[in-house]
Amino acid sequence: MSHHFSKVVLYCLAAGLFICFIGRPVSAAAAETNISAILKGMENNDAKLRMETAWKLSKISRDEQLVNDRDKALAGLKHLLNDPEKSVRYDVAYYLALTKPPHKEAIPILIEALKEGGPNASTAIWALQYFGPEAESAV
Numbered sequence: 007m008s009h010h011f012s013k014v015v016l017y018c019l020a021a022g023l024f025i026c027f028i029g030r031p032v033s034a035a036a037a038e039t040n041i042s043a044i045l046k047g048m049e050n051n052d053a054k055l056r057m058e059t060a061w062k063l064s065k066i067s068r069d070e071q072l073v074n075d076r077d078k079a080l081a082g083l084k085h086l087l088n089d090p091e092k093s094v095r096y097d098v099a100y101y102l103a104l105t106k107p108p109h110k111e112a113i114p115i116l117i118e119a120l121k122e123g124g125p126n127a128s129t130a131i132w133a134l135q136y137f138g139p140e141a142e143s144a145v
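So for the sequence shown, the numbering used here puts the first residue at 7; every next one is plus one.
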């Protein structure tokens, strides 16, 4: 049984590694051709699709291999900070907190989420830690 268990663990690990690389662009050139299509998602009327767009832009903005697209992705995220839907704004602010360096434009939105309370507040507290002393106005 122990031998069978180790085989199962090995297969699960292999499957996990495979799944990790499925969504990764083959090359920076392949990703560059998609950035325009991803940015168009910001114009969608569906807030869930705009949130998905923000997540994709966040991944690009933090990928060291996609230097040419990172600025475009960050500009898109900053644009989405003004989204009419607060759930989109809160997600975007969180994503901007994860960038290096974290983008200060996110702080007012995170403070808004903090004041609202609920699950958004706990996420905002977690995200504000990335700003250090710059986020003192939140507390």
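Positions of the beta carbon are idealized from the N, C-alpha and C atoms, including for glycine. Since we're looking at a predicted model, the values are computed, not measured.
Legend entry - Closest by C-alpha distance to Asn40, when choosing among Ile66, Ala103 and Trp132: Reading the sequence shown from its first residue, position 34 is the one you call residue 40. Residue Ile66 is the option with its Cα nearest to Asn40.
Legend entry - Alpha-carbon to alpha-carbon, Thr59 and Ala103: One-based indexing of the sequence shown puts residue 103 at position 97. One-based indexing of the sequence shown puts residue 59 at position 53. For Ala103 and Thr59, the distance between alpha carbons rounds to 17 Å.
Legend entry - Cβ shell of Arg56 (< 8 Å), same chain only, five flanking positions each side left out: Against the sequence shown, residue 56 aligns to sequence position 50. Hits under 8 Å: Gly47, Met48, Asn50, Leu86, Asp89, Glu91 and Val94.
Inset, instruction - Could you say which of Ala79, Asn74, Tyr96 and Gln71 lies nearest to Ala53 if we only look at CA atoms? - result: Start at 1 with the first residue of the sequence shown, and residue 53 comes out as number 47. Distances from the alpha-carbon of Ala53 to those of Ala79, Asn74, Tyr96 and Gln71 put Tyr96 closest.
Legend entry - Pro114, DSSP secondary structure in three states: Reading the sequence shown from its first residue, position 108 is the one you call residue 114. In this structure, Pro114 counts as helix in the three-state DSSP scheme.
Inset, instruction - Leaving out five residues on either side along the sequence, give the residues of the same chain with a beta carbon under 6 Å from the beta carbon of Arg30. - result: Here residue 30 corresponds to residue number 24 of the sequence shown, with the count starting at 1. At Arg30 the pLDDT is 45, less than 50, meaning the model places this residue with poor confidence; the figure from the coordinates comes in the next sentence. Counting only Cβ-Cβ distances below 6 Å, and skipping sequence neighbours, we find nothing.
Inset, instruction - Please confirm if the stretch 100-114 is in contact with the stretch 132-144, defined as three or more CB-CB distances below 8 Å between the two stretches. - result: yes
Legend entry - Residue span of the alpha helix (DSSP H) that contains Leu63, given as start and end: Translated into the one-based positions of the sequence shown, residue 63 becomes position 57. Ala53 to Ser67 is the span of the alpha helix (DSSP H), which, as asked, contains Leu63.
Legend entry - Minimum C-alpha distance to Leu142 - residue among Pro114, Glu122 and Ala127: In the sequence shown, counting from the first residue as 1, residue 142 sits at position 136. Residue 142 is actually Glu in this sequence, not Leu. Glu142 has its Cα closest to that of Pro114, out of Pro114, Glu122 and Ala127.
Legend entry - Distance between Pro125 and Trp132 (C-alpha atoms, nearest Å): Working through the sequence shown from its first residue, we reach residue 132 at position 126. Working through the sequence shown from its first residue, we reach residue 125 at position 119. Near 11 Å, if we compare the C-alpha coordinates of Pro125 and Trp132.
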